[in-house]
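Written below as structure tokens is the structure these notes are about.
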Amino acid sequence: MKLKLFLLFTLVITISTIGCQSNLQKTNISVVDRPNTHSKNSNYISNRPPLQPSAFIKLPVGSIQPEGWLKVYLEKQRDGLTGNLGKISAWLQKEDNAWLSEDGTGTWGWEEVPYWLKGYANLGYILDDNKIIDEAKIWLEATITGQRKDGNFGPKSFRKDGSMDFWGNMIMLYCLQSYYEYSGDERVIHLMTKYFKFQLDFPEDKFLTLYWQKIRGGDNLHSVMWLYNRTGDKFLLDLMEKIHRNTADWTSRGHGLDQIHCRKEKRKGTEWPEWFGDQIDWHNVNHAQGFREPAQYFLLSGKRKHLEASYENFNIMRKYFGQVPGGMFGADENARPGYDDPRQGIETCGIVEQLNSNQHMLRITGDPFWADHAEELAFNTYPAATMPDFRSLRYITSPNMVLCDHENHHPGIDNNGPFLMMNPFSSRCCQHNHAQGWPYYAENLWMATPDDGLLAALYSASSVTAKVANGKKLTIKQTTNYPFEENIRLQIKSSGPVGFPLYLRIPAWCNKASIKINGEVIDEVIIAGKYVRIERVWSNGDNIVLEFPMELEVKVWEKNHNSASVYYGPIGFSLKIKEEYKRMDSEETAIGDSQWQKGVDKTKWPSWEIHPASAWNYGLVYDANNLKKSFEVVKGSWPADSFPFTTEAAPIRIKAKGKKIPKWKLDEHKLCGELMNSPVISNEATEEIELIPMGAARLRISAFPVIK
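If you count the sequence shown from 1, position 99 lands on 112 in my numbering, and the numbers rise without skipping.
What follows is the structure in structure tokens.
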């Protein structure tokens with residue numbers, strides 16, 4: 014995957030200015046690479062000088078009300094693992110919990126509480142669920158009132174050498190920021206101000222010295238910038254420099270093995286490649302979070318090299334481990350040279366952190382690539398990481414994954430243990446950190462623009478209520494089943510006429526997009542991978558219809574055995590494998606460091622193995638010059654429960670042809686056998702096979718061998 018580096022400055026390409034006389038007003042339409050950042054939004058807090066202006070501004074949590082399948086997903090979270098984790102996870106029990114104690118001591122107290130709270134509280138704000146909001150407030154109130162005189166807060170985590178583990182607090186700062194957006198509670202500002210003075214005074218040689226915090230310092234940097242934009246306190250600029258100075262250098266290249274932070278392993282019989290030294294860390298979650306730190310620091314430095322470094326980090330990982338469908342990469346703990354097959358997976362933590370990073374990068378750069386990539390993960394990778402009822406999830410999910418069980422598959426995957434199992438509570442990280450995935454996605458569907466407009470960033474059924482020009486408030490309702498349909502309908506709801514610019518992202522995959530305003534077609538060139546900016550005086554009831562015609566595409570992964578993946582618009586497709594679910598005891602099949610609360614009825618929280626009950630070892634038979642002849646897209650009815658991410662409910666399917674490859678079997682690690690070089694010879698009969706969306710396939714072949 015080769016990503017063009019876009020600069021942060023705004024290049025505006027004016028395509029047309031049309032007079033919509035039928036609407037008795039003038040509509041100015043242009044196609045732009047970025048919004049112009051010379052103006053500053055007058056309604057929402059954006060970057061103060063000397064920070065560089067961000068291209069987009071996050072709306073306060075609660076501004077966006079999701080509908081359709083996304084709302085169903087949030088409700089499944091509420092009723093499933095996210096909403097009930099506080100009752101089953103020992104790390105979230107209130108007794109002897111350091112996050113609730115007055116002096117910061119207790120048996121339970123590290124990343125788990127803020128990981129969970131980060132998504133749990135926002136779920137409550139978005140769904141306006143008072144039960145969740147009240148429960149979240151218990152943890153937030155204890156955090157605020159428990160701040161100590163020196164400014165520190167949270168669990169006491171000092172080491173004998175005088176250093177401190179700042180990592181858990183970095184996550185809790187996200188929770189406090191969201192709470193402030195929702196409530197306006199000024200105590201959050203006071204807490205963060207005192208805490209950041211504590212960090213500024215902390216001895217330099219002891220600051221951010223421990224592993225996780227050193228790699229993930231960009232999260233701390235984000236929170237300091239967030240506070241600076243609200244208070245303007247100059248000492249925060251010095252703290253930004255200190256954090257960047259002590260965070261792992263994500264701009265650096267050419268490291269020796271002793272300088273790379275993560276655990277290092279390579280395939281037996283291979284040499285360490287020179288390029289392995291071009292990342293400071295190859296841990297999957299660390300990379301999904303840490304790669305963006307230079308771009309965040311760019312906001313302070315203003316130096317293009319920092320912005321470019323984040324793009325380079327992203328591309329380096331994809332070049333060597335991301336030649337697969339679904340948008341992620343093969344680092345089933347740590348990326349290892351020689352292990353780049355589509356059967357290598359990604360942690361659920363890695364998926365949701367990449368989504369969060371994409372949202373950061375979109376706001377910083379304005380590059381629509383980051384929204385496209387977020388949709389690729391949300392539609393194709395994240396849904397397959399959880400059970401449809403959202404009551405369990407697995408640690409590792411892969412593009413090619415034909416068995417989900419509790420066996421140990423090391424060294425085929427990096428970790429020893431039952432890391433492929435769908436378990437409601439089998440790890441300290443993913444079972445808590447998953448919670449942020451859909452809530453953060455939902456609250457970034459829309460963003461504010463520097464010119465007092467709004468951006469439709471990620472398309473999904475929703476309503477946004479926000480302030481635009483002159484502080485006027487209005488609502489835009491979005492109706493669609495995207496990405497499973499091609500039409501998106503927007504309707505303005507306002508108390509009267511209001512003039513402002515509306516930005517519509519045109520997905521990079523869509524070359525034939527069209528837009529209608531009140532039934533009138535914008536009959537001009539619309540460019541994929543850019544924004545259409547529509548400025549006019551909008552009236553109550555005005556409507557916009559976007560059409561994003563989807564086309565078949567076969568992506569050939571030349572650097573991964575010339576394997577092929579089938580896409581239809583933004584949706585990647587997998588072989589439909591009949592899934593046979595086997596209920597298992599959750600405690601017996603859990604990872605060793607799992608901790609349940611006492612008295613939990615574990616029978617209510619079963620684990621699941623998923624076994625293939627049909628053949629999976631097919632190669633694709635297709636004509637690259639005539640995809641419509643090779644594949645037939647079949648569109649079915651929308652599921653009654655508005656949940657399309659199961660093998661039976663998927664509303665789009667593709668009929669294809671394939672041949673079995675008898676030699677392609679489970680290997681000695683009981684993993685899907687690694688790909689052979691395509692084209693592959695098979696003497697088997699050609700069969701009709703069915704492909705379903707990747708996100709609906711919890712067993713899947715998404716990167717296919719190609720039959721000669």
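Here a beta-carbon is modelled for each residue, glycine too, at the ideal position from N, C-alpha and C.
{"query": "From Q372 to P307, what does the alpha carbon distance come to, in whole angstroms?", "result": "15 Å"}
{"query": "With a cut-off of 8 Å on the beta carbons, I'd call E548 and N41 a contact; round off their distance for me.", "result": "4 Å"}
{"query": "Opposite R666 in the DSSP bridges: which residues?", "result": "V647"}
{"query": "Would you be able to state if there are at least three C-beta pairs under 8 Å between the region 219-232 and the region 176-194?", "result": "yes"}
{"query": "Could you tell me which residues DSSP pairs with V550 in its beta bridges?", "result": "G512"}
{"query": "Could you give the first and the last residue of the continuous beta strand (DSSP E) run that contains I58?", "result": "Neither: I58 is in no beta strand (DSSP E) and is coded neither H nor E."}
{"query": "Mark H51 as exposed unless 16 or more other C-beta atoms lie within 10 angstroms of its C-beta, in which case mark it buried.", "result": "exposed"}
{"query": "Say whether the region 406-426 touches the region 340-353, bearing in mind that this needs 3 or more beta-carbon pairs closer than 8 Å, one atom from each stretch.", "result": "yes"}
{"query": "Quick one: grab the DSSP three-state call for W609.", "result": "strand"}
{"query": "Let me know if D720 comes out buried or exposed under the rule of 16 or more other beta-carbons within 10 Å of its beta-carbon.", "result": "Inspection of the sequence shows that residue 720 is occupied by Ile rather than by Asp. With 16 or more other Cβ atoms within 10 Å, it is buried."}
{"query": "Going by C-alpha distance, which of V45, V74, S43 and K53 is nearest V477?", "result": "V74"}
{"query": "Going along the chain, which residues of its own chain have a beta-carbon closer than 6 Å to the beta-carbon of Q449, five neighbours each way excluded?", "result": "K131, G132 and V365"}
{"query": "Would you kindly work out how many angstroms separate the C-alpha atoms of E278 and G339, rounded to a whole number?", "result": "25 Å"}
{"query": "Compute the Euclidean distance between the alpha carbons of S475 and R243, then round it to the nearest angstrom.", "result": "28 Å"}
{"query": "Quick one: using the 10 Å Cβ neighbour count with 16 as the cut-off for buried, is P452 buried or exposed?", "result": "buried"}
{"query": "Between T410 and T361, which are expected to be in contact by the criterion C-beta below 8 Å, what is the C-beta distance as a whole number of angstroms?", "result": "7 Å"}
{"query": "Hey, could you find the ends of the alpha helix (DSSP H) Q372 is sitting in?", "result": "T361 to T378"}
{"query": "With a cut-off of 8 Å on the beta carbons, I'd call F392 and P583 a contact; round off their distance for me.", "result": "6 Å"}
{"query": "Using the three-state DSSP reduction, which class does C188 fall into: helix, strand or coil?", "result": "helix"}
{"query": "Enumerate in chain order the residues of its own chain whose CB-to-CB distance from R172 is below 7 Å, with the five nearest sequence positions on each side excluded.", "result": "none"}
{"query": "If you reduce the DSSP assignment to three classes, tell me which class I505 lands in.", "result": "strand"}
{"query": "What residues match up with Q491 in a beta bridge as DSSP calls it?", "result": "S475 and L503"}
{"query": "Using only the alpha-carbon positions, how far apart do D464 and S323 sit?", "result": "27 Å"}
{"query": "Leaving out five residues on either side along the sequence, give the residues of the same chain with a beta carbon under 6 Å from the beta carbon of L312.", "result": "L64 and Q65"}
{"query": "What is the C-beta distance between H445 and Y128, in whole angstroms, given that I count them as a contact (C-beta under 8 Å)?", "result": "4 Å"}
{"query": "Measure the alpha-carbon distance for N630 versus V534 and round it to whole angstroms.", "result": "47 Å"}
{"query": "Beta carbon of Y454, beta carbon of F432: below 8 Å?", "result": "no"}
{"query": "Would L223 count as contacting chain B if we go by Cβ distances under 8 Å?", "result": "Of the protein chains in this structure there is only one, and it is not chain B."}
{"query": "Quick one: what's got a C-beta closer than 6 Å to L223's C-beta in the same chain, skipping five residues either side?", "result": "D178"}
{"query": "Where V481 and P514 are concerned, what is the direct C-alpha to C-alpha distance, given to the nearest angstrom?", "result": "9 Å"}
{"query": "State the DSSP-derived secondary structure class of P625, mapped to helix, strand or coil.", "result": "strand"}
{"query": "Excluding the 5 residues flanking P62 on each side, which residues of the same chain have their C-beta closer than 7 Å to its C-beta?", "result": "none"}
{"query": "If you draw a straight line from the C-alpha of P48 to the C-alpha of E645, how long is it?", "result": "39 Å"}
{"query": "Extract the residue ranges of the alpha helix (DSSP H) inside the region 134-191, only unbroken runs of 4 or more that lie entirely within it.", "result": "143-158"}
{"query": "Which residue from Q90, V85 and K169 puts its Cα closest to that of T120?", "result": "K169"}
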